[in-house]
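>
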Amino acid sequence: MAVPSTVGVLGGGRMGAGITHAFCTAGAGVVVVERDDDAASAAYDRVAANLAKSVERGTVAESLEDLTARLSVSTDYADFARCGLVVEAVPEDFSLKAAALAAVEEQLAPGAWLASNTSSLSIAELAGKLERPDRFCGLHFFNPVPASELIEVVLGPQTSAELADTARTWVQDLGKTPVVVQDAPGFASSRLGVAIALEAMRMVEDGVASAEDIDAAMVLGYKHPTGPLRTTDIVGLDVRLGIAEYLASTLGPRFEPPQILRDKVARGELGRKSGRGFFDWQ
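Residue numbers (numbering that gives the first Met the number 0): 0 to 281.
1) Comparing C-alpha positions only, which one of Asp-92, Arg-167 and Thr-19 sits nearest to Arg-69?
2) Would you kindly work out how many angstroms separate the C-alpha atoms of Thr-168 and Val-152, rounded to a whole number?
3) Please state whether the Cβ-Cβ distance between Val-31 and Gly-11 is less than 7 angstroms.
4) Measuring only the C-alpha atoms, how far is Thr-225 from Val-89?
5) Is Cys-82 helix, strand or coil by DSSP?
6) Measuring CA to CA, which of Phe-277, His-139, Ala-101 and Gly-127 is closest to Ser-296?
7) Per the DSSP calculation, Leu-9 is bridged to which residue(s)?
8) Could you compute how far the alpha carbon of Val-180 sits from the alpha carbon of Ala-215?
9) Tell me the residue span of the beta strand (DSSP E) that contains Thr-176.
10) So if DSSP puts Glu-151 in a beta bridge, which residue, or which two residues, is it bridged to?
11) Give me the residue from Gly-15, Ala-111 and Gln-281 with the minimum Cα distance to Cys-136.
12) Reducing DSSP to helix, strand and coil, say where Leu-120 ends up.
13) By the three-class DSSP mapping on this structure, what secondary structure does Arg-275 have?
14) When DSSP labels each residue in this structure, what does Ser-188 get in the three-state scheme?
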């Protein structure tokens, strides 16, 4: 089954814009719903800029005009009623995501699917807030979405076998590789990625080596495309802190965030989006 002809994305920030880009370039019409008119306009501009880069690089065959013709933005959840799939991409906060998903589900047609882009929160617990948990799964996209080759398909205990199979096909139709995992704290990617990043932070904190040298060791020695600290800057230190706190609460103290991470977040050093994290991005 190809991607639905119309896909909804709740949230048009960096991740939501990337998800929108992926579905637009795969041929779907996409409606992005944001909290207000200003945010909706900014989301449109963000997606259009990403699409323009793809056209310039020749990674898509269609014109920018044809691609943006499939894109619409809104502030009304009712616009999700025409979507075969809606992907939630709001900030990584359980209460916020649970409320958003329940509000989206109220608008969906009976045959539509619903997914969360959460990178660590329990799919089972989110599904517990829904009326149709069998039609819900996790679709964990990676930042930056256009360049990433991976999407984690996260199956909750009530996710239907039909959705499990269909989600794999969607990922392949987006030109990416599905990794299917059962619901568990941090899934596979976040759990491993955060574990490495937290240890790298402790090494900086303990004066073992600089952030640059730690990252170089992982890039040159283990062939990681980007070191764990630069990746943290790209993801956002505040996002990494939230995930680490959740993993510490569910998996134990080995995921306890180091003080250097808490201090940087408190100072507003959030990584690339703020201009400074473990590296200077200005």
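Ideal Cβ placement from N, Cα and C applies to all residues, glycine included.
Working from what's here:
1) Thr-19
2) Rounded to whole angstroms, Thr-168 to Val-152 spans 11 angstroms at the Cα level.
3) yes
4) Roughly 25 angstroms separates the two Cα atoms.
5) Looking at Cys-82 - three-state DSSP - the assignment turns out to be coil, as it is neither helix nor strand.
6) The first residue shown for the chain is 0 and the last is 281, placing residue 296 beyond what the model contains.
7) Val-32 and Glu-87
8) 30 angstroms
9) 176 to 181
10) His-139 and Val-178
11) Answer by Cα proximity: Ala-111.
12) coil
13) strand
14) helix
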